[in-house]
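Below is one structure, written out as C-alpha cells, with a few remarks after it.
2 protein chains.
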Amino acid sequence: MTELDHITEQVLKQIDGDGFRQEGAYNLRQNGISLCHGDSEHIKIKRKEGKQGIDVYIDENTKGEYVHIPVVVSTSGIVDVVYNDFFIAPGAEVTIVAGCGIHNSGCNDSRHDGIHAFHVGKGANVRYEEKHYGEGEGSGSRILNPVTKIYLEEDAVFTLDTVQIKGVDSTIRETDVEMGENAKLYVMEKLMTHDKQVAESNMEVQMNGAGSSAQIISRSVAKGESRQVFHPKAVGSAKCSAHVQCDSIIMDQAEVSSIPEINAKHLDAAIIHEAAIGRINDEQLVKLRTLGLTEEEAEAVIIDNFLN
Amino acid sequence: MTELDHITEQVLKQIDGDGFRQEGAYNLRQNGISLCHGDSEHIKIKRKEGKQGIDVYIDENTKGEYVHIPVVVSTSGIVDVVYNDFFIAPGAEVTIVAGCGIHNSGCNDSRHDGIHAFHVGKGANVRYEEKHYGEGEGSGSRILNPVTKIYLEEDAVFTLDTVQIKGVDSTIRETDVEMGENAKLYVMEKLMTHDKQVAESNMEVQMNGAGSSAQIISRSVAKGESRQVFHPKAVGSAKCSAHVQCDSIIMDQAEVSSIPEINAKHLDAAIIHEAAIGRINDEQLVKLRTLGLTEEEAEAVIIDNFLN
Numbered sequence: 004m005t006e007l008d009h010i011t012e013q014v015l016k017q018i019d020g021d022g023f024r025q026e027g028a029y030n031l032r033q034n035g036i037s038l039c040h041g042d043s044e045h046i047k048i049k050r051k052e053g054k055q056g057i058d059v060y061i062d063e064n065t066k067g068e069y070v071h072i073p074v075v076v077s078t079s080g081i082v083d084v085v086y087n088d089f090f091i092a093p094g095a096e097v098t099i100v101a102g103c104g105i106h107n108s109g110c111n112d113s114r115h116d117g118i119h120a121f122h123v124g125k126g127a128n129v130r131y132e133e134k135h136y137g138e139g140e141g142s143g144s145r146i147l148n149p150v151t152k153i154y155l156e157e158d159a160v161f162t163l164d165t166v167q168i169k170g171v172d173s174t175i176r177e178t179d180v181e182m183g184e185n186a187k188l189y190v191m192e193k194l195m196t197h198d199k200q201v202a203e204s205n206m207e208v209q210m211n212g213a214g215s216s217a218q219i220i221s222r223s224v225a226k227g228e229s230r231q232v233f234h235p236k237a238v239g240s241a242k243c244s245a246h247v248q249c250d251s252i253i254m255d256q257a258e259v260s261s262i263p264e265i266n267a268k269h270l271d272a273a274i275i276h277e278a279a280i281g282r283i284n285d286e287q288l289v290k291l292r293t294l295g296l297t298e299e300e301a302e303a304v305i306i307d308n309f310l311n
Numbered sequence: 004m005t006e007l008d009h010i011t012e013q014v015l016k017q018i019d020g021d022g023f024r025q026e027g028a029y030n031l032r033q034n035g036i037s038l039c040h041g042d043s044e045h046i047k048i049k050r051k052e053g054k055q056g057i058d059v060y061i062d063e064n065t066k067g068e069y070v071h072i073p074v075v076v077s078t079s080g081i082v083d084v085v086y087n088d089f090f091i092a093p094g095a096e097v098t099i100v101a102g103c104g105i106h107n108s109g110c111n112d113s114r115h116d117g118i119h120a121f122h123v124g125k126g127a128n129v130r131y132e133e134k135h136y137g138e139g140e141g142s143g144s145r146i147l148n149p150v151t152k153i154y155l156e157e158d159a160v161f162t163l164d165t166v167q168i169k170g171v172d173s174t175i176r177e178t179d180v181e182m183g184e185n186a187k188l189y190v191m192e193k194l195m196t197h198d199k200q201v202a203e204s205n206m207e208v209q210m211n212g213a214g215s216s217a218q219i220i221s222r223s224v225a226k227g228e229s230r231q232v233f234h235p236k237a238v239g240s241a242k243c244s245a246h247v248q249c250d251s252i253i254m255d256q257a258e259v260s261s262i263p264e265i266n267a268k269h270l271d272a273a274i275i276h277e278a279a280i281g282r283i284n285d286e287q288l289v290k291l292r293t294l295g296l297t298e299e300e301a302e303a304v305i306i307d308n309f310l311n
C-alpha cells in the first residue's frame with residue numbers, strides 16, 4: 004500500500020466521492036507520474052509505452068465493477084498531459100471514476116490535460132464520472148483541459164457525468180461522441196465558475212447509427228466576473244433522437260454564452276434543444292429568507308439544488 | 004399611372020399580399036430602376052444620390068399608414084444591389100410592405116440584394132413585411148441576399164415579418180438589431196426551400212437598453228435536397244428578456260442546421276431558446292388521409308398550417 008501525503012488525501016476526498024481506496028482496479032496519477040495502480044480479475048491497467056498514460060482493458064465478464072483513476076497535481080508549475088484509453092468489451096458493465104484536483108500554492112500555472120478515449124463494445128454499459136477541482140493559496144492558475152472521445156458500438160450505453168466543483172481558473176472541455184446503431188448517450192454536465200474564471204465546453208455528438216439517441220443536460224452557475232461558453236452540437240445522420248438542454252444561472256458580473264447547434268441530415272432525425280440563462284429565482288430567495296436564512300445561505304441552497 | 008407588364012403584375016400579386024396600387028406612399032423598383040413612386044402627406048420618398056436606393060421619411064403624424072416598396076426582377080442575368088433607408092419619426096405608426104420577386108426565364112443568375120436600415124424614433128411602432136419569391140423556367144438561379152439593420156430608440160416597437168414563399172435558389176439573410184430602453188422586437192421568420200435550394204439566416208439582436216425585450220420565432224420547411232442554416236444570436240447587456248424559438252420540418256433528403264446563440268452579459272438578462280427539427284407529424288398525416296386526402300394533399304395542409 005503506497006503512503007499518500009496529506010494534500011493528496013484531501014484532494015482525493017473532493018474528486019472521488021465514493022472514497023479512493025487502493026483496491027480493485029485503480030490508478031492514481033500524481034504530479035505527472037503513476038504513483039500506484041492495481042488490477043482486478045476482469046479489469047487490467049497497462050502503462051502506455053512511449054507516451055504518458057494508461058490503457059484500461061475491461062473484459063466482457065465485468066458486471067457492476069468500478070475503476071478509479073484519479074489525478075492529483077500538487078506541484079506548482081507542472082504541465083501534465085496524459086493519454087488514457089479504455090477498451091470496454093461487448094456486454095461489460097462498468098463505472099469509471101476519474102477526476103482531477105489541482106492544489107497550487109505557488110505562483111506558476113499548474114495544468115492537467117486528460118485525453119481520454121473510450122472504445123465501447125456492442126451492448127456494453129459504461130458510466131463515466133469526472134470531477135474537477137482546484138485549491139491552494141498560490142497566484143498560479145489551476146488549468147484543466149480535458150478531451151474526451153467516445154466511440155459507441157451497436158446497443159452500447161454511455162453515461163457521462165462531469166462536474167466542475169470549484170477552484171478551476173481556466174478550462175476548455177472538448178467532447179466528441181460517435182454513435183452506432185441503437186446506441187444511447189446520457190450526458191449530465193455541471194459547472195460552477197467564480198471570480199475571474201473562464202470555462203468553455205465544446206461537445207459534438209454524431210448520431211450515425213439508426214435508432215441512436217442522446218440526452219444532454221448542462222447546468223451551470225457563473226458567479227463573480229467569470230465567463231462561460233457552451234457549444235454543444237448534435238448531428239443526426241440516421242433515424243435518431245436527441246434532446247439538448249442548457250440552463251445557466253448568472254450572478255454578479257458574470258457572463259454566459261450558450262451556442263447549441265442541432266443539425267438534422269436525415270428525414271427521421273428528431274432533435275430538440277432548449278437553453279435558458281437567467282438570474283437566481285427571486286421567489287425562492289424570498290421564501291428561504293422568510294425561513295430565516297441569510298441572502299448568502301439562501302443563494303447557496305438554491306445553487307446546490309440547481310446543480311444537484 | 005405607369006403601365007405595368009404582365010410578368011410584373013403577376014409577381015406583385017405574390018409578394019404584396021395587400022395588393023400593390025400606385026397610390027399613397029409607394030416605390031416600385033423593376034430591373035434595377037425605380038419605375039414609379041409616390042408620396043403621401045406624412046411619408047416622403049427620395050431617390051438617393053450617388054447610389055441606388057431610396058430614403059423614406061415617415062413623420063411623427065403618421066398613424067396606421069402603409070408604404071409599399073416592392074422589387075421585381077424579370078431580366079435574366081441582372082445583379083441589383085439597392086440601399087434603402089427608413090427614418091421613422093418619434094411616435095409614428097407605420098406598416099412597410101417590402102418584398103422581392105424574381106422571374107428568371109434565362110440561363111443567367113438574377114440577384115437582388117436589398118440593404119435596408121431602419122432608424123426608429125422614440126415610441127414609434129413599425130411593422131415591416133417582406134416576402135421573397137422566385138419563378139420562371141430558366142436555368143439561371145434566383146438569388147436574394149437581404150441585409151436588414153434595425154436601430155430602435157427608447158420605447159420603439161418593431162415587428163419583422165419575413166416570408167420566403169418558394170422559388171428562391173439561394174439566400175443569405177443578415178439581420179442586425181440594436182435595442183434601446185424598453186424597446187420591443189417581434190420577429191416572425193418563415194422559410195420554405197425545395198429542390199437544391201440553400202438558405203442561411205443570420206440574426207444578431209443586441210439588447211442594450213434596460214427593459215428591452217425580443218421575441219424571435221423562426222419556422223421552416225426543407226424539402227427535396229435543400230439545405231438550411233439558422234444562426235440567431237441574442238445578446239443581453241442590460242436588464243432584458245428574450246425568447247428565441249426555431250422549429251423546422253425536414254422532408255425527403257433535406258438538411259437543417261440550427262445554431263442559436265444566447266449570450267447573457269447582465270445579471271438581469273433572461274434569455275430562453277428553444278429549437279426543434281423533425282419530420283412531419285405522422286399522426287396528423289394519418290388523420291388527414293383518413294379524411295380522404297392523398298399523402299401530398301395531407302402534407303400540404305400540415306405545412307401550410309405550420310407556416311401560417
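One line per chain: the protein sequences are D and S, in this order.
Here the first sequence is numbered in my numbering, starting from 4 and rising by one per residue.
Here the second sequence is numbered in my numbering, starting from 4 and rising by one per residue.
Every residue gets a Cβ at the ideal spot worked out from N, C-alpha and C, and that includes glycine.
1. Which residues in the same chain as D:G183 place their Cβ atom closer than 6 Å to its Cβ, once the five residues preceding and following it in sequence are excluded?
2. Got a sec, what are the start and stop residues for the alpha helix (DSSP H) D:A301 sits in?
3. Where does S:S317 land, buried or exposed, given buried means 16+ other C-beta within 10 angstroms?
4. Give a yes or no on whether 8 Å exceeds the smallest Cβ distance from S:K169 to chain D.
5. What are the residues of the stretch 257 to 278 of chain D that lie near chain S, defined by any Cβ-Cβ distance shorter than 9 Å?
6. Let's see if you can read the secondary structure: which residues bound the beta strand (DSSP E) around S:E68?
7. Going straight from the alpha carbon of S:G170 to that of S:T196, what length do you get?
8. Does DSSP classify S:K16 as helix, strand or coil?
9. Opposite S:P149 in the DSSP bridges: which residues?
10. Mind listing, in chain order, the continuous beta strand (DSSP E) runs of no fewer than 3 residues lying wholly within the stretch 126 to 213 of chain D?
11. For the 8 Å Cβ check, are there 3 or more pairs between the stretch 4 to 13 of chain S and the stretch 46 to 60 of chain S?
12. Could you give the first and the last residue of the continuous alpha helix (DSSP H) run that contains S:Q287?
13. At a CB distance below 9 Å, what residues from the stretch 239 to 257 of chain S approach chain D? Give them in sequence order.
14. Excluding five sequence neighbours on each side, which residues of the same chain lie with their C-beta closer than 8 Å to the C-beta of D:N185?
15. Taking contact to mean at least 3 C-beta pairs separated by less than 8 Å, is the stretch 246 to 258 of chain S in contact with the stretch 280 to 296 of chain S?
16. Which residues of chain S have a Cβ atom closer than 9 Å to the Cβ of D:R222, listed in chain order?
17. Run the CB neighbour count on D:T174, radius 10 Å, all protein chains shown included, and call it buried at 16 or more, exposed below.
18. Just grab the DSSP bridge partners of D:A267 for me.
19. Pull up the CB-CB distance for D:I72 and D:F121, whole angstroms please, since I reckon it's below 8 Å.
20. Taking only the alpha-carbon atoms, compute the straight-line gap between D:F233 and D:G41 and give it to the nearest angstrom.
21. Does any C-beta atom of chain S lie closer than 8 Å to the C-beta of D:I280?
22. Using the C-alpha atoms, what's the distance from S:N64 back to S:A127?
23. Just to confirm my understanding: we take S:E302, look at its own chain, exclude 5 residues before and 5 after, and list those with CB closer than 8 Å. What are they?
24. Between which residues of its own chain and D:L310 is the CB-CB distance below 7 Å, once the five residues before and five after are set aside?
25. Looking only at its own chain, which residues have a Cβ that is under 6 Å from the Cβ of S:R119, when we skip the five neighbours before and after it?
26. Judging by CA-CA distance, which residue of D:I153, D:E299, D:G20, D:V82 is the nearest neighbour of D:A217?
27. In chain order, what residues of the same chain have a beta carbon less than 8 Å from the beta carbon of S:D21, not counting five sequence neighbours either side?
28. Once DSSP output is grouped into helix, strand and coil, what is the label at S:I81?
29. Going by beta-carbon coordinates alone, are D:G35 and D:I81 separated by less than 8 Å?
30. Taking the straight line between their C-alpha atoms, what separation do you get for S:E96 and S:V129?
Taking the coordinates as given:
1. L155, E156, E157, G212
2. 298 to 310
3. The structure shown does not extend to residue 317 of chain S, since chain S is modelled only from 4 through 311, so no value can be given for it.
4. no
5. A257, E258, V259, S260, S261, I262, P263, E264, I265, N266, A267, K268, H269, L270, D271, A272, A273, I274, I275, H276, E277, A278
6. 66 to 71
7. 8 Å
8. helix
9. S:P149 pairs with nothing; no bridge assigned.
10. 128 to 138, 145 to 147, 150 to 155, 160 to 169, 173 to 182, 187 to 196, 201 to 210
11. no
12. 285 to 293
13. G239, S244, V247, C249, S251, I253, M254, D255, Q256, A257
14. E157, D158, G212, A213, G214, S215
15. yes
16. Under the 9 Å cutoff, chain S gives no residues; its nearest Cβ is about 15 Å from D:R222.
17. buried
18. D:G239, S:V259
19. Not confirmed; about 12 Å, so no contact.
20. 37 Å
21. yes
22. 11 Å
23. M254, I283, L288
24. K193, M195, R222, V224
25. Contrary to the premise, residue 119 of chain S reads as His rather than Arg in this sequence. Taken in chain order, the residues that qualify are N87, T151.
26. D:I153
27. Y69, H71, V100
28. coil
29. yes
30. 6 Å
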